[in-house]
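Colleague: Okay, here's the structure, questions in a sec.
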């Protein structure tokens, strides 16, 4: 039977509560595979696994329990290896890499920050900061709305200015928060968000990072800033001893990898 992988930790990790269940219906028992100084938290892989809410939460719950007891390298939801031997084989092959990652991520969590413009506020910024746009808008207003071509021209100018403002604000937000984090990982662009960035933060300085987020919200009031975390440091771990099976719902949004 194939093996579902939740995460990798040190063999000295105190482990999970007895009888801990993972993905599957009913939940499949979580067990530990040991190889040298490393261990993998695994279970049998259920048939037809899909990224449903119950399964995502089960994956996250295993990692939350493990993370509360010690450092764990989280695997993305849906990580499945052919069998136990394949998992321990990769642990042996990449032992040095995983040991380094465990040291680097010990005592740290991930916060994901997404941001978008508040539409009315950013249009005000664009108009206030661009005399050419203001002049054309005023000319159109005086002429009863302007010609079709003038309306198109104004729309294109505003769209270009908003796009430039998105890039400017994404950089400003990242710079405002990066000083309160140990590392930064810029996520893939997603529809509707001008910024999608994950920050690696020490647990004992998390309040400083959260304060920086609040200050950024005050300094950039035309942004809607969404914060998700603390999370296991998914964005700071390379792929592990298994590949996601099927359509895995990864990313910090799910909280399940």
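In my numbering, the protein residues as written are 1116 to 1372.
A virtual CB, placed ideally from N, CA and C, is assigned to each residue, including glycine.
Please determine, among 1333, 1347 and 1127, the residue with the shortest C-alpha to C-alpha distance to residue 1177.
Modeller: Looking up residue 1177 in the chain shown gives position 62. Residue 1347 is the option with its Cα nearest to residue 1177.
Colleague: Which of the three DSSP states is assigned to residue 1126 in this structure?
Modeller: Locating residue 1126 in the chain shown gives position 11, where the first residue counts as 1. Three-state result, residue 1126: coil.
Colleague: Keeping to the same chain, check which residues put their C-beta closer than 8 Å to that of residue 1304; ignore five residues upstream and five downstream.
Modeller: Residue 1304 sits at position 189 when you count from the first residue of the chain shown. Hits under 8 Å: 1311.
Colleague: Are residue 1164 and residue 1145 close, meaning C-beta to C-beta below 9 Å?
Modeller: Position 49 of the chain shown holds residue 1164. Position 30 of the chain shown holds residue 1145. No, Cβ-Cβ distance for residue 1164 and residue 1145 is not below 9 Å.
Colleague: Using CA coordinates, which residue listed in 1122, 1231, 1203 and 1298 is at the minimum distance from residue 1179?
Modeller: Against the chain shown, residue 1179 aligns to sequence position 64. When only C-alpha atoms are compared, the closest one is 1122.
Colleague: Have a look at 1299, 1342, 1153 and 1284 and flag the residue whose alpha-carbon is nearest the alpha-carbon of residue 1334.
Modeller: Counting from 1 along the chain shown, the entry for residue 1334 is found at position 219. Checked all of 1299, 1342, 1153 and 1284; the closest Cα to residue 1334 is 1284.
Colleague: Mapping DSSP to helix, strand and coil, what is residue 1246?
Modeller: In the chain shown, counting from the first residue as 1, residue 1246 sits at position 131. Three-state result, residue 1246: helix.
Colleague: Below 9 Å between beta carbons: does that hold for residue 1227 and residue 1302?
Modeller: Along the chain shown, read from residue 1 onward, the residue named residue 1227 stands at position 112. Along the chain shown, read from residue 1 onward, the residue named residue 1302 stands at position 187. The answer is yes: Cβ separation under 9 Å.
Colleague: Just to confirm my understanding: we take residue 1241, look at its own chain, exclude 5 residues before and 5 after, and list those with CB closer than 8 Å. What are they?
Modeller: Position 126 of the chain shown holds residue 1241. Excluding sequence neighbours, residue 1241 sits near 1248, 1273, 1276, 1277 and 1280.
Colleague: So the candidates are 1230, 1221, 1320 and 1127; which of them puts its Cα closest to the Cα of residue 1186?
Modeller: For the purposes of this step, residue 1186 is taken as the residue at position 71 of the chain shown. Of the candidates 1230, 1221, 1320 and 1127, the one whose C-alpha sits nearest the C-alpha of residue 1186 is 1221.
Colleague: Would a C-beta distance cut-off of 9 Å place residue 1160 and residue 1124 closer than the cut-off?
Modeller: In the chain shown, counting from the first residue as 1, residue 1160 sits at position 45. In the chain shown, counting from the first residue as 1, residue 1124 sits at position 9. Cβ distance not < 9 Å, so residue 1160 and residue 1124 don't count as in contact.
Colleague: How many Å lie between residue 1128 and residue 1171 at the Cα?
Modeller: On the chain shown, residue 1128 is found 13 positions in, with the first residue counted as 1. On the chain shown, residue 1171 is found 56 positions in, with the first residue counted as 1. Cα-Cα distance, rounded: 23 Å.
Colleague: Taking C-alpha atoms, which residue in 1289, 1229, 1282 and 1223 lies nearest to residue 1318?
Modeller: To locate residue 1318, count along the chain shown from 1; it is residue 203. Among 1289, 1229, 1282 and 1223, the Cα nearest to that of residue 1318 is on 1223.
Colleague: Residues in the same chain with beta-carbon distance under 8 Å from residue 1252, minus the five sequence neighbours each way, listed in chain order, please.
Modeller: Locating residue 1252 in the chain shown gives position 137, where the first residue counts as 1. Contacts found: 1242 and 1269.
Colleague: What are the boundary residues of the alpha helix (DSSP H) that includes residue 1179?
Modeller: Counting from 1 along the chain shown, the entry for residue 1179 is found at position 64. Run containing residue 1179: 1168-1184, per the alpha helix (DSSP H) assignment.
Colleague: By the three-class DSSP mapping on this structure, what secondary structure does residue 1188 have?
Modeller: Counted from its first residue, the chain shown places residue 1188 at position 73. Strand at residue 1188.
Colleague: Cα-Cα, which of 1116, 1209, 1173 and 1282 is closest to residue 1198?
Modeller: If you number the chain shown from 1, residue 1198 lands on position 83. That would be 1116, whose Cα lies nearest to the Cα of residue 1198.
Colleague: I'd like to know if the region 1289-1298 and the region 1323-1334 are in contact, where contact means that at least 3 CB-CB pairs between them fall below 8 Å.
Modeller: Counting Cβ pairs under 8 Å, three or more are found: they touch.
Colleague: Residue 1210 and residue 1153: beta carbons closer than 9 Å?
Modeller: Within the chain shown, the letter at position 95 stands for residue 1210. Within the chain shown, the letter at position 38 stands for residue 1153. Yes; because the gap between Cβ atoms is below 9 Å, this pair is in contact.
Colleague: Assuming contact is defined by CB atoms lying nearer than 9 Å, are residue 1282 and residue 1325 in contact in what I supplied?
Modeller: Indexing the chain shown from 1 puts residue 1282 at position 167. Indexing the chain shown from 1 puts residue 1325 at position 210. Not in contact: residue 1282 and residue 1325 (Cβ atoms no closer than 9 Å).
Colleague: Is it the case that the Cβ atoms of residue 1232 and residue 1338 are separated by a distance below 9 Å?
Modeller: Here the question's residue 1232 lines up with position 117 in the chain shown. Here the question's residue 1338 lines up with position 223 in the chain shown. It is a contact, given that the beta carbons lie within the stated cut-off.
Colleague: Let me check one thing: in DSSP terms, what residues is residue 1231 bridge-paired to?
Modeller: As a working mapping, residue 1231 is identified with position 116 in the chain shown. Note: residue 1231 sits in a beta bridge opposite 1339.
Colleague: Could you give the distance in angstroms between the alpha-carbon of residue 1150 and the alpha-carbon of residue 1168?
Modeller: In the chain shown, counting from the first residue as 1, residue 1150 sits at position 35. In the chain shown, counting from the first residue as 1, residue 1168 sits at position 53. If you take the alpha carbons of residue 1150 and residue 1168, they lie about 32 Å apart.
Colleague: Residue 1340 and residue 1236 look like a contact to me (Cβ under 8 Å); what is the Cβ gap, rounded to whole Å?
Modeller: Start at 1 with the first residue of the chain shown, and residue 1340 comes out as number 225. Start at 1 with the first residue of the chain shown, and residue 1236 comes out as number 121. Rounded, the Cβ-Cβ distance is 13 Å, inconsistent with contact.
Colleague: For the putative contact between residue 1148 and residue 1205, defined by C-beta atoms under 8 Å, what is the C-beta separation to the nearest angstrom?
Modeller: Residue mapping note: residue 1148 aligns to position 33 of the chain shown, counting from 1. Residue mapping note: residue 1205 aligns to position 90 of the chain shown, counting from 1. About 11 Å; that fails the 8 Å criterion.
Colleague: Grouping DSSP H, G and I as helix and E and B as strand, with all else coil, what is residue 1296?
Modeller: Working through the chain shown from its first residue, we reach residue 1296 at position 181. Coil, per DSSP.
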